[in-house]
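Visitor: Residue numbers (the numbering used here): 68 to 562.
Each residue gets a CB set at the ideal place from its N, CA and C atoms; glycine is no exception.
As the structure is a prediction and not an experimental result, all values here were calculated from the model.
This is the structure I want to talk about, given as structure tokens.
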Ligand code: NAD
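Encoded structure:
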């Protein structure tokens, strides 16, 4: 009998015995480890009603009181890093070390949100007219929804929830149905920390549940992270209903290696960023752009590393690359690799059909290094979301920048160089929202934001410190305290 992962409504597990369930697998074994219950419209309504019932009381608390609960939450999440990491590894597949890193990055967002008393501030101007002051105050929206992807089952929920809740909203999370377990544990910890019932709610499900959440009249705003086609459709649906939306989509991150770059450290950085988490990071490097005569030496250095990477279950401390999330993902990645080779890419290393001893049912795809990938090929245009690194050779930085400019996605882009001129030009001209200079995965700290460009993001706000404006609305107050003012005036005058 497998554990059934329930919803979390009003501070309690919520199960509808008759509701359909989906299996949750351990990607390292392919075996079912749990099942998750799926919400329909009626369950979504119960969840949103509970959130709405709690929202006003939470919003009315002083920000410092909300911050106290978040400080307690931060301590509890920190105390449970190992437990959360183990849950991530069991349901997602990434290594324990990587999973701990994920929780730590999530904590970065909780720490940011603890600063709510200093961060959620309006503005004031005195004497904007005679004895008139003008000021703005920030107000939470009410019930806000977060829909999250499988690849960061703790970090992305924490990035959304902590700022949304700190700002005074009730937050309803719809985690990925592929690895929903860790989110439930976070909700339990939030309750233990003193975040009131109904302020952190979870409903599990798929499309039906997501659409019911987006359509619900009491849901004021929708944050989404996932693949671009779904991001676009959620953004469109929420906007059509007159709601605020931010939807973060897929990526194809380029790392440009200039001829003067230190080859060994660049190859280390590229390999780690391309193959870490089996390439299932929105900021993974999937294209290495070799500029000029560095290409042969770079490919040789990458080949040596790609051949040596240890693939295995995430629970084995020796493993560097774990399985991908599902059999469907594994087969799709293999198909894209064989299609690329048929289309003319050179398979320098192809470990995509790797067998891992003792894990016959695991969804393993070993690292793949493809050289001379054509920019018009499917593999180059598509987000593979697996441990596949494409090398594209160009002659100049201009050509590298043009590749980045013309790609559909614009999440991250990096350059490795010793030239300040090249780095500075890249920083200004690369058409991506997050840029790295001699840093392969330039995910900014929470005091900045996570936000791509082009079809990697729909909407105009980022996550973390850029989302205070998303999760609040301003009110502008014009105020006069002057009892000497009298007399009617039918004009519309400047103050
Ligand atoms: P996904 O789009 O399949 O699923 C994301 C969420 O949407 C899940 O909760 C899922 O249940 C839900 N969903 C799936 N199909 C739906 C539908 N038809 N209607 C409504 N909801 C639906 O994405 P995934 O495979 O879980 O995650 C990987 C993707 O997320 C990659 O494309 C990756 O680049 C992207 N991602 C982006 C960022 C970023 O910051 N831009 C961060 C992490 C992941």
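(1) For residue 83, I'd like the list of residues in its chain whose CB is within less than 7 angstroms of its CB, leaving aside the five on either flank, ordered along the chain.
(2) Counting only runs that start and end within the region 129-212, where is the beta strand (DSSP E) found for 3 or more residues in a row?
(3) Looking at ligand 1, does it come within less than 8 angstroms of residue 242, judged from the CB to the closest heavy atom?
(4) Compare the Cα-Cα distances from residue 98 to each of 160, 122 and 130 and report the closest residue.
(5) Taking 8 angstroms as the cut-off, does the CB of residue 498 come closer than this to any heavy atom belonging to ligand 1?
(6) Between residue 532 and ligand 1, is there a pair consisting of the residue's CB and a ligand heavy atom that are separated by less than 8 angstroms?
(7) Shorter than 8 angstroms, the distance from the beta carbon of residue 349 to the closest heavy atom of ligand 1, or not?
(8) Would the beta-carbon of residue 217 be found less than 8 angstroms away from any heavy atom of ligand 1?
(9) For ligand 1, is there a heavy atom less than 8 angstroms away from the beta-carbon of residue 185?
(10) Buried or exposed: residue 555, going by 16 or more other Cβ atoms within 10 Å of its Cβ?
(11) Quick check on DSSP: helix, strand or coil for residue 327?
(12) With the cut-off set at 9 angstroms, would you say residue 268 and residue 75 are in Cβ contact?
(13) Can you round the beta-carbon distance between residue 486 and residue 509 to whole angstroms, since I take them to be within the 8 angstroms contact cut?
(14) Shorter than 8 angstroms, the distance from the beta carbon of residue 505 to the closest heavy atom of ligand 1, or not?
(15) State the beta-bridge partners of residue 291 as determined by DSSP.
(16) Take residue 94 and list the residues in its own chain whose beta-carbon comes closer than 6 angstroms to its own, dropping the five residues that flank it on each side.
(17) If residue 249 sits next to residue 325, beta carbons under 8 angstroms apart, how far is it from one beta carbon to the other, in whole angstroms?
(18) Looking at residue 338 and ligand 1, is the gap between the Cβ and the nearest heavy atom below 8 angstroms?
(19) Beta-carbon separation of residue 538 and residue 208 under 9 angstroms?
(20) Report the rounded CA-to-CA distance for residue 119 versus residue 402, giving the unit in angstroms.
(21) Judging by CA-CA distance, which residue of 548, 115 and 89 is the nearest neighbour of residue 240?
(22) Let me know the secondary structure DSSP gives residue 101 once reduced to three states.
(23) Helix, strand or coil for residue 541, going by three-state DSSP, please let me know.
(24) Assign residue 520 to one of three DSSP states: helix, strand, or coil.
(25) Leaving out five residues before and five after residue 283 in sequence, what residues of the same chain have Cβ atoms less than 6 angstroms from its Cβ?
(26) With distance defined between alpha-carbon atoms, name the residue in 419, 321 and 203 nearest to residue 191.
(27) Helix, strand or coil for residue 300? Go by DSSP, reduced to three states.
(28) As a quick exercise: from 302, 322 and 142, pick the residue whose alpha carbon is nearest that of residue 257.
(29) Where does residue 444 sit, in a helix, a strand or coil, going by DSSP?
(30) Please list, in chain order, all residues of the same chain as residue 386 whose beta carbon is under 8 angstroms from its beta carbon, the five residues on each side excluded.
(31) Whose CA, out of 405, 338, 432 and 470, lies closest to the CA of residue 448?
(32) Per the contact definition of three or more C-beta pairs closer than 8 angstroms, is the region 430-444 in contact with the region 326-336?
(33) Check whether the Cβ of residue 473 lies closer than 8 angstroms to any heavy atom of ligand 1, and answer yes or no.
(34) If we count the other Cβ atoms within 10 Å of its Cβ and call it buried at 16 or more, is residue 546 buried or exposed?
(35) What residues in its chain sit with their C-beta under 8 angstroms from that of residue 144, if we drop five residues either side in the sequence?
(36) Does the distance between the C-beta of residue 235 and the nearest non-hydrogen atom of ligand 1 fall short of 8 angstroms?
Guide: A quick look at the data gives this:
(1) 104 and 110
(2) Within the region 129-212, the complete beta strand (DSSP E) runs of at least 3 residues fall at 191-196 and 199-207.
(3) yes
(4) 160
(5) no
(6) Flag unset: Cβ of residue 532 not near ligand 1.
(7) yes
(8) yes
(9) no
(10) Answer is exposed; the Cβ neighbour count stays below 16.
(11) coil
(12) yes
(13) About 18 angstroms; that fails the 8 angstroms criterion.
(14) no
(15) 214 and 314
(16) Excluding the 5 residues flanking it on each side, residue 94 has same chain C-beta neighbours closer than 6 angstroms at 160, 390, 392 and 430, in chain order.
(17) With 8 angstroms as the limit, residue 249 and residue 325 do not qualify as a contact, their Cβ atoms being about 40 angstroms apart.
(18) no
(19) yes
(20) Those two C-alpha atoms are separated by around 46 angstroms.
(21) 115
(22) strand
(23) strand
(24) Secondary structure of residue 520 (DSSP, three-state): strand.
(25) 115
(26) 203
(27) helix
(28) 142
(29) coil
(30) Here the set comprises 162, 377, 378, 379 and 380.
(31) 470
(32) In short, these stretches do not touch, since the Cβ pair count stays below three.
(33) No, the beta carbon of residue 473 sits no closer than 8 angstroms to any heavy atom of ligand 1.
(34) exposed
(35) Apart from sequence neighbours up to five positions away, the residues of its chain that approach residue 144 with a beta-carbon distance below 8 angstroms are 151, 170, 173, 174, 177, 225, 253 and 256, ordered along the chain.
(36) no
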